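>
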Amino acid sequence: MAELLAAFGQGSGEHWHWAPGGCSLKIERNASITPTLFGMPPHLQEHPMNTNEGLDLVIVGGGIGGIICLKYAKDAGLNVILLERGDRIGGLWRDLPYWQDIQFRKEDWTLGSLPLAGEDQRNILSNIEAWVEHFGLSPYIHLNATVTSARPNESGWQITTNTKTHQAKWLIAATGGHNRPKVPPVERVDSSITEYHSSALRDPEELRGKRVTVVGGGASAYDLLDLCFAHGAGSVAWIYRSTKWMRPTRRIKHLGIDMRTLARYQMLCLPAGLIHRLTNKDLRARYAKAGINEIMPEGDFDIRRDQLIPGRPGMLINFAGIERHRGEVRSLCGNTIELANSEKLETDLLLWGTGYGVDLGFLGLEAVNGAKNLDEIGSRCYSRFLSSDAPNLFLLAPGVLDTNTSTPWAYAHVAKSIMTHIRGRPVFVKPPCKAFTNHFDLIKLLAPKDRENYTFGIWYLKYLWLALWHPWKRPMPIP
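Put into structure tokens, the structure is as follows:
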């Protein structure tokens with residue numbers, strides 16, 4: 001049991017609790033069950049679908065989340081369009097370099113019979129395109145349609161693009177949480193250093209024989225460090241202010257964490273406190289065994305706020321050969337990097353593994369625009385997805401990205417329940433809270449309110465079976 005618990009994370013018990021100031025439900029026993037919500041803004045209490053004028057729904061963003069939402073909107077019979085600013089769908093995966101990949105097995109990314117040959121960028125993009133082809137979504141997709149503004153009005157939302165204005169009752173912002181590469185502002189004085197953000201390094205062979213410096217303390221930085229050793233960098237330096245938890249292992253990245261194990265914990269309702277203690281004991285032992293205690297994050301790993309990243313074998317094997325600096329970049333001058341503590345180091349290439357920011361500026365919502373990260377946005381949403389800052393608005397990425405889950409699997413379940421909500425049965429009613437909703441805990445959040453998709457009593461047995469006995473080498477079914 002200890003070995004099983006050590007493989008991943010924490011149980012699900014904590015996600016059943018409601019935050020203070022919640023809402024109550026009153027059920028009228030008649031032909032149609034009408035929820036009455038208390039303690040919520042008026043615009044969250046009634047959800048009539050308007051099919052007489054305009055669109056029922058506009059989805060902004062043609063990445064995996066937006067495409068999956070479009071599939072379920074079509075299934076629900078909604079009058080819907082998807083607006084994508086690019087000339088091709090795929091979102092971030094359309095633009096990333098070929099060497100970028102997902103953090104877990106391809107069998108945990110794809111769903112049903114949709115093809116996925118590998119974990120790399122090209123195969124992920126092909127998988128997203130397969131959703132469009134398989135479900136006949138092309139007629140609903142508007143390419144080269146950059147949304148310049150979206151504002152609520154008496155009929156729902158007015159969405160303006162570079163060529164047209166649309167009116168819709170509901171809006172899903174599916175532009176993703178990784179649509180703005182983050183590069184810290186630093187002073188540059190006659191710098192001769194070549195710089196790349198992790199999303200812009202097209203040819204890793206540029207690293208060969210060079211003095212390379214990586215900046216950042218999360219998944220992107222770990223990828224770049226791995227890449228340096230895979231492509232023969234002459235020397236590798238690493239600058240980080242803090243680090244995120246990883247699970248040190250010599251296994252290849254995609255096998256570093258098993259999402260199916262997390263699902264078992266959650267559906268068996270193992271005590272969260274026990275799993276928390278055993279997980280931290282396992283992680284600390286792994287850091288010590290790998291000889292990387294120096295980069296262990298401060299404080300315990302907590303699945304309610306931390307994403308567990310699979311270890312990168314190249315980075316771990318070559319850890320002793322990495323020149324490590326804890327600090328921040330202050331300036332670049334010539335071929336010299338100066339840190340905030342006045343340390344200096346020389347380099348040829350500077351790789352920013354500093355992650356991404358979310359840009360939802362087209363919504364014109366001050367609270368959303370001022371958020372520092374996805375979690376701050378998600379913590380302002382009912383059930384992590386329905387905005388409390390504007391009516392009839394779903395924000396897709398904050399409740400999924402940066403949590404511990406399979407992204408398409410989570411998007412599919414959320415999208416299906418969003419359509420239930422739009423058609424008149426409130427599902428997203430849990431008051432905003434700061435804790436992540438990870439993987440199968442998402443089902444426990446949605447099922448009690450979405451009886452249209454989760455039959456009372458039966459849904460738990462179904463997902464318990466999937467967690468315990470669904471074949472490891474087969475993708476999960478499409479919800």
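If you're matching positions, the sequence shown starts at 1 in the UniProt record's numbering and goes up one per residue. Glycine included, every Cβ here is placed at the ideal spot set by N, Cα and C. The structure displayed is predicted, hence computed values, not measured ones.
1. Please report how far the alpha carbon of Y382 lies from the alpha carbon of G370, in whole angstroms.
2. Would you say the stretch 226-246 touches the stretch 357-374, given that touching needs at least three Cβ pairs under 8 Å?
3. Looking at the C-beta of Q167, does it have a partner C-beta in chain D at a distance below 7 Å?
4. Go ahead and pull the three-state DSSP assignment for N153.
5. On the criterion of 16 or more Cβ atoms from any shown chain inside 10 Å, does S242 qualify as buried, or is it exposed?
6. Is Q100 helix, strand or coil by DSSP?
7. Among the candidates Y222, T160, S235, whose CA atom is the shortest distance from the CA of L207?
8. Which residue comes first and which comes last in the beta strand (DSSP E) that contains A168?
9. Rounded to whole angstroms, what is the Cα-Cα separation between P324 and K416?
10. Quick one: Cα of K281 to Cα of I478, how far?
11. For A233, name the three-state secondary structure that DSSP assigns.
12. Counting Cβ pairs, one atom from each stretch, are 3 or more of them under 8 Å apart for the stretch 207-223 and the stretch 55-71?
13. Could you spell out where the alpha helix (DSSP H) holding L92 opens and where it closes?
14. Give the straight-line distance between the Cα atoms of S199 and W170, rounded to the nearest whole angstrom.
15. Between T407 and F436, which are expected to be in contact by the criterion C-beta below 8 Å, what is the C-beta distance as a whole number of angstroms?
16. In terms of alpha-carbon separation, which member of E205, I102, F428, T455 lies closest to P310?
17. Of the choices V414, K244, G399, whose alpha-carbon is the least far from that of L308?
18. Alpha carbon to alpha carbon, what distance is there between C269 and F135?
19. Applying the criterion that 16 or more other CB atoms from any shown protein chain within 10 Å of the CB defines a buried residue, is T161 buried or exposed?
20. If you count every other CB in all the chains shown that lies within 10 Å of the CB of L255, and 16 or more means buried, which is it?
21. Between K74, G91, N79, which has its C-alpha nearest V358's C-alpha?
22. Find out if the Cβ-Cβ distance for the pair A174, I81 is shorter than 7 Å.
23. I think V427 touches Y411, with their Cβ atoms under 8 Å apart; what is that distance to the nearest whole Å?
24. For S342, I'd like the list of residues in its chain whose CB is within less than 6 Å of its CB, leaving aside the five on either flank, ordered along the chain.
25. Which runs of the alpha helix (DSSP H) at least 4 residues long sit entirely within the stretch 400-473? Give them in chain order.
26. Please say whether F394 and I418 have beta carbons closer to each other than 7 Å?
27. Buried or exposed: L468, going by 16 or more other Cβ atoms within 10 Å of its Cβ?
28. Kindly indicate which three-state DSSP category T36 falls into: helix, strand or coil?
29. When DSSP labels each residue in this structure, what does Q158 get in the three-state scheme?
30. What's the C-alpha gap between E46 and I422?
31. Under DSSP, the beta strand (DSSP E) around F394 begins and ends at which residues?
32. Quick one: residues in its chain with C-beta nearer than 8 Å to the C-beta of I292, no 5 flanking neighbours on either side, listed in chain order?
33. Could you check where the beta strand (DSSP E) with W131 kicks off and where it finishes?
34. To the nearest angstrom, how far is the alpha carbon of W157 from that of T146?
35. Considering only their Cβ atoms, is the gap separating I64 from I128 smaller than 7 Å?
36. For T194, report the span of its beta strand (DSSP E) as first-last.
So, from the data block:
1. 18 Å
2. no
3. Absent from the structure is chain D; it holds one protein chain and no more.
4. strand
5. exposed
6. coil
7. S235
8. 165-173
9. What sits at residue 324 in the sequence shown is Arg, not Pro. Looking at the two C-alpha atoms, the distance is approximately 46 Å.
10. 35 Å
11. strand
12. no
13. 92-95
14. 32 Å
15. Not a contact, Cβ separation roughly 14 Å.
16. I102
17. K244
18. 35 Å
19. buried
20. exposed
21. G91
22. no
23. That belief does not hold up - the Cβ atoms of V427 and Y411 are roughly 15 Å apart, past 8 Å.
24. none
25. 407-422, 441-446, 458-469
26. yes
27. exposed
28. At T36, the pLDDT of 30 sits below 50, so the modelled position is not reliable and the matter cannot be decided from this model.
29. strand
30. Because E46 sits at a pLDDT of 36, beneath the cut-off of 50, its placement in the model cannot be relied upon, and the following sentence gives the value as read from the coordinates. Approximately 10 Å, taken between the alpha carbons.
31. 393-395
32. P248, L316, F319
33. Careful: W131 lies outside any beta strand (DSSP E), inside the alpha helix (DSSP H) at 121-135.
34. 16 Å
35. yes
36. 194-197
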